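S.K.: Got a structure for you, written out below as structure tokens; questions coming shortly.
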Amino acid sequence: MKKIAILLGVLTLAVSCKTSSTVSSKGSLKDSYKNNFYIGTAMSLPQIHGTDAKSDDIIKKQFSSIVAENCMKSMFLQPQEGQFFFDDSDKFVEFGEKNKMFIIGHTLIWHSQLPKWFFTDKDGKDVLAEVLKERMKNHISAVVTRYKGRVKGWDVVNEAIMEDGSYRKSKFYEILGEEFIPLAFQYAHDADPEAELYYNDYNEWHTGKIKTVSKIVQTLKSRGIRIDGVGMQAHVDLKSPSIEEYEKAILEYTSNDVKVNITELEVSVLPSPWGTSANIADRVEYDAKMNPYTKGLPEYVKTEWENRYLDFFKLFLKHQDKIRRVTLWGVTDNQSWKNDFPVKGRTDYPLPFDRNYQAKPIVKKLIQLTEEK
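Mapping to the UniProt record's numbering: the sequence shown position 313 is 313, numbers consecutive.
Put into structure tokens, the structure is as follows:
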């Protein structure tokens with residue numbers, strides 16, 4: 001009997017080990033989602049230059065795609081007209097190539113984080129339309145040509161449409177009207193005909209924005225101008241938007257024969273003074289009641305946060321044929337911009353890796369989603 005008991009114990013242990021091995025057979029997000037869509041993250045300067053080695057280790061292991069968080073924005077690439085600074089973006093692209101990643105450039109035309117000279121003449125007045133066109137073309141051509149064949153996709157135009165569907169009254173719009181968007185896409189395509197081109201925006205589930213962005217896509221296609229996808233910045237919280245709203249937006253955009261990119265995903269647990277927003281110009285003063293979790297999250301909030309991530313990824317997997325990539329906006333909680341937006345100095349927990357560079361339980365659960373039949 002003793003020998004039988006020992007044999008049964010050995011068999012039980014073997015089965016247990018095999019089961020455990022099966023559950024953890026895919027040890028990273030990028031391996032788990034490789035047959036579904038690219039899984040990516042945004043990279044900051046410390047990561048690009050290797051001074052945040054712990055984050056770099058996570059990026060290399062977990063992600064198949066990277067996007068430049070800031071270093072490819074025009075104020076950094078061309079601070080003075082005709083004077084380009086490519087040191088940081090070169091390092092970013094080299095990191096992606098070395099690690100065989102799908103590299104995304106962000107962003108070519110955006111009203112924010114843009115050098116002051118772009119819209120003004122020597123007297124400080126708005127430039128004429130033809131001058132702005134030339135400046136747009138020169139900037140886009142120089143940047144895209146430098147990384148031709150290396151950067152695989154570009155956020156060509158960023159955040160040009162308001163939630164009600166109207167055009168943002170940026171200088172691009174005031175000087176060139178709606179035409180600035182087709183111009184930007186054409187300039188980018190001319191510089192690299194093989195690169196994928198995207199329109200990117202936040203709160204993209206709003207009905208007015210869906211209507212106008214879809215019209216932009218249709219207009220570009222009707223004129224034979226390349227557009228491959230709509231970037232849906234997923235700066236979401238625990239309540240908004242609903243999964244149903246988000247699914248409807250995905251279906252609306254992709255009905256125009258383009259893919260969707262989930263471009264800037266994080267799930268904030270903190271209260272917002274106005275609901276969801278990603279307009280970096282919107283700030284409110286610090287208030288302690290807006291920063292309730294300075295010592296960590298209560299268990300019920302952790303559960304709600306995990307379920308929110310799982311619900312979104314279930315949606316992404318459901319529509320994987322329509323989704324090109326899912327990109328987190330940052331690697332760890334301590335580096336997330338949500339700690340300072342829209343209220344500076346808060347403590348948020350929006351990303352799957354914590355302040356100690358450890359994977360939260362959600363990472364394993366997201367991996368397990370791909371293993372479910």
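Note that the Cβ used here is the ideal one computed from N, Cα and C, for glycine as well. Remember, predicted model here, so these are calculated numbers, not experimental data.
Contact between the region 325 to 332 and the region 263 to 273 is defined here as three or more beta-carbon pairs at a separation below 8 angstroms; is this criterion met?
M.R.: Yes: the two stretches touch, three or more of their Cβ pairs being nearer than 8 angstroms.
S.K.: Distance, Cα to Cα, Val258 vs Asp155?
M.R.: 14 angstroms
S.K.: Can you give the Cα-Cα distance for Leu366 and Gly224, rounded to whole angstroms?
M.R.: 39 angstroms
S.K.: Leaving out five residues before and five after Lys322 in sequence, what residues of the same chain have Cβ atoms less than 7 angstroms from its Cβ?
M.R.: Ile250, Thr254, Lys259, Val260
S.K.: Between which two residues does the alpha helix (DSSP H) carrying Gln368 extend?
M.R.: 361 to 369
S.K.: Got a sec? Which residues, its chain only, sit under 6 angstroms from His106 by beta carbon, not counting five neighbours each side?
M.R.: Val67, Ala68, Met72, Asp155
S.K.: For Arg355, does the three-state DSSP call read helix, strand or coil?
M.R.: Coil.
S.K.: Within the continuous beta strand (DSSP E) that includes Trp263, where are the two ends?
M.R.: First, the amino acid is wrong: residue 263 is Thr here, not Trp. Where Thr263 is concerned, the enclosing beta strand (DSSP E) stretches over 259 to 268.
S.K.: What three-state label does DSSP hand Leu238 in the structure shown?
M.R.: When DSSP states are grouped into helix, strand and coil, Leu238 belongs to the coil group.
S.K.: Could you spell out where the beta strand (DSSP E) holding Glu196 opens and where it closes?
M.R.: 196 to 202 is the extent of the beta strand (DSSP E) around Glu196.
S.K.: Would you kindly work out how many angstroms separate the C-alpha atoms of Glu244 and Val151, rounded to a whole number?
M.R.: 33 angstroms
S.K.: Which value, in whole angstroms, describes the spacing of the CA atoms of Asn339 and Pro298?
M.R.: 18 angstroms
S.K.: Do Glu196 and Gly231 have their CB atoms nearer than 8 angstroms?
M.R.: Contact flag unset, no.
S.K.: Looking only at C-alpha atoms, which of Asn158, Phe102, Thr294, Tyr33 sits nearest to Gln320?
M.R.: Tyr33
S.K.: Nearest to Asp57 by alpha carbon, out of Arg346, Arg308, Pro361, Asn356?
M.R.: Minimum Cα distance to Asp57 is reached at Asn356.
S.K.: Return the CA-CA distance between Glu295 and Val301, expressed in angstroms with no decimal places.
M.R.: Before going further, note that residue 295 is Lys rather than Glu in the sequence given. Going from the Cα of Lys295 to the Cα of Val301 covers about 13 angstroms.
S.K.: List the residues that DSSP assigns as beta-bridge partners of His106.
M.R.: Asp155
S.K.: Nearest by alpha-carbon distance to Asn203: which of Gly40, Leu45, Ile161, Ile175 is it?
M.R.: Ile161
S.K.: May I ask you to list the residues that DSSP assigns as paired with Gln328?
M.R.: Inspection of the sequence shows that residue 328 is occupied by Leu rather than by Gln. Bridge partners of Leu328: Thr41, Leu265.
S.K.: Classify Gly82 as buried or exposed, calling it buried when 16 or more other Cβ atoms lie within 10 Å of its own Cβ.
M.R.: exposed
S.K.: Tell me whether Ile48 sits in a helix, a strand or coil according to DSSP, three-state version.
M.R.: Here Ile48 sits in helix by DSSP.
S.K.: Helix, strand or coil for Ser65 per DSSP?
M.R.: strand
S.K.: Please state whether DSSP places Val143 in a helix, a strand or coil.
M.R.: Correct three-state label for Val143: helix.
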